[in-house]
Amino acid sequence: MKPYKLLAVDAATHAIIIADGLSGEIVTELAYSPELSPTELVVTPDYTKAYLPCAATNGKNGILAVNLTSLSLYRLPISIPYPAQFVLPETSATTAYLAEPCGALYRLDLTTMSSQALGAPATKSSCVGLAADAEKIYAAWEHHAGGTVMELAPDGTISWQYDIAGIPTNIILAANRLIVPFTNTAFTGEGVALFNLSKKRTSPAVVTIQCPSCPSSLAAYPCHAAVAPDNQTAYIVNEDGASIFVINLNTAQIVDRLAIGRSLSRLYLIPGTELAIGTSNLFADLSLIDLASGPLLAVTNTKRQLLSTIAILP
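Per my numbering, the very first residue in the sequence shown carries number 221; after that it's consecutive.
Below, the structure written as structure tokens:
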């Protein structure tokens with residue numbers, strides 16, 4: 221296995237941690253103010269910086285930046301709304317998009333340290349996920365009727381939208397696909413909507429995970445996806461189901477189910493291996509998972525409270 225580093229946030233000690241992935245030894249700990257609560261962690265495409273949008277107890281929300289070369293931490297001179305969702309486009313290190321809990325969307329210029337409001341939903345909605353590439357923004361919204369997936373231009377103009385009967389929980393961009401896990405309502409089951417952006421966007425393939433008419437069914441709550449480097453396989457995390465569904469993205473079919481036996485919230489693939497690290501909102505720890513055969517290999521045993529958003533660095 222090639223060496224790698226793990227970037228994580230410990231909410232107990234208010235520290236950003238960089239650890240050696242193979243040995244688990246802490247390389248660096250960078251303390252931040254207890255007044256701040258990071259809501260996300262994103263890394264620039266060149267792996268030189270990491271950004272952590274933070275909610276503040278005094279209302280002065282901001283963005284922490286980690287220089288991954290000098291291993292230093294500083295706060296950007298920009299004020300932001302409450303960062304319910306935050307994303308960097310896959311090819312940009314200078315632009316970010318942020319959504320408030322109410323769904324209001326903003327574009328942030330991390331060079332000029334300025335922000336621009338892009339708009340807000342016409343009906344009461346919550347933004348449950350953001351993704352972006354160089355040309356488009358993709359958002360998933362939850363509202364009283366279910367959910368909506370939307371593509372927008374960088375200025376906030378809506379290109380297309382698609383209503384989902386279920387309640388979306390996230391949105392993941394992988395090459396030319398959007399992966400939108402959704403949970404159930406009184407009338408729909410749970411599953412994943414797969415949008416092929418190179419074809420007709422408003423005709424997604426839907427993979428059903430649970431059937432609401434089955435009396436023995438329990439909510440699995442699909443909430444995150446990790447995609448293999450070849451973009452052919454997606455691993456869907458079921459937070460309440462304590463499992464991972466493996467989906468062939470070409471055929472839009474479930475090809476395997478990995479019973480993990482503990483709640484996971486996100487999944488991060490370790491490059492060059494068939495291993496992954498699962499994070500948990502419930503347990504605030506990390507799990508090492510063998511994706512080839514499914515067993516849970518190890519769980520961190522510390523007093524740390526690790527947030528579910530991490531990054532794997534080369």
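Heads up, the beta-carbon is just placed ideally off N, CA and C, and yes, glycines get one too.
Check, Outcome
"Specify, as a first and last residue, the run of the beta strand (DSSP E) that residue 249 falls within.", "246 to 251"
"Can you have a look at residue 522 and say buried or exposed, based on whether 16 or more other CB atoms are within 10 angstroms of its CB?", "exposed"
"Taking the alpha-carbon of residue 292 as reference, which of 278, 282, 268 and 275 has the nearest alpha-carbon?", "268"
"Unbroken alpha helix (DSSP H) runs of length 4 or more, entirely within the segment 385 to 410: which are they?", "none"
"Do residue 298 and residue 333 come within 8 Å of each other at the CB atom, strictly closer than that value?", "yes"
"Taking just the CA atoms, how far does residue 228 sit from residue 473?", "33 Å"
"Determine the direct distance from the alpha carbon of residue 447 to that of residue 494, and round the result to whole angstroms.", "12 Å"
"Could you tell me how far apart the beta carbons of residue 315 and residue 353 are, in whole angstroms, since I believe they sit closer than 8 Å?", "Actually they do not touch by this definition, with Cβ atoms about 11 Å apart."
"For residue 535, count neighbouring Cβ atoms within 10 angstroms of its own Cβ and tell me buried if that reaches 16, exposed if not.", "Residue 535 is absent from the structure shown; the chain starts at 221 and stops at 534."
"Rounding to the nearest angstrom, what Cα-Cα distance links residue 454 and residue 508 in this structure?", "17 Å"
"Using the C-alpha atoms, what's the distance from residue 263 back to residue 531?", "7 Å"
"Within 10 angstroms of its Cβ, does residue 294 collect 16 or more other Cβ (buried), or is it exposed?", "exposed"
"Got a sec? Which residues, its chain only, sit under 6 Å from residue 430 by beta carbon, not counting five neighbours each side?", "409, 410, 437 and 440"
"Compare the Cα-Cα distances from residue 460 to each of 445, 467, 222 and 485 and report the closest residue.", "485"
"Hey, residue 288 and residue 303: beta-carbon distance below 8 Å or not?", "no"
"Among residues of its own chain, excluding the 5 on either side of residue 418, which ones have a beta-carbon nearer than 7 Å to its beta-carbon?", "396"
"Spell out a yes or no on whether the segment 239 to 251 and the segment 500 to 515 are touching, meaning 3 or more CB-CB pairs, one atom from each, closer than 8 Å.", "no"
"Can you tell me which residues form a DSSP beta bridge with residue 235?", "230 and 251"
"Roughly how many angstroms lie between the CA atoms of residue 466 and residue 423, to the nearest whole one?", "22 Å"
"Suppose you measure from the CA of residue 296 to the CA of residue 273; what does that come to, to the nearest Å?", "10 Å"
"Closest to residue 468 by C-alpha separation, out of 456, 462 and 479, would be which residue?", "456"
"Residue range of the beta strand (DSSP E) that residue 476 falls in?", "473 to 479"
"According to the Cβ coordinates, are residue 232 and residue 525 closer than 8 Å?", "yes"
"So what does residue 269 bridge to, in DSSP terms?", "287"
"Label residue 449 either buried or exposed according to how many other C-beta atoms from any shown protein chain fall within 10 Å of its C-beta, with 16 as the threshold for buried.", "exposed"
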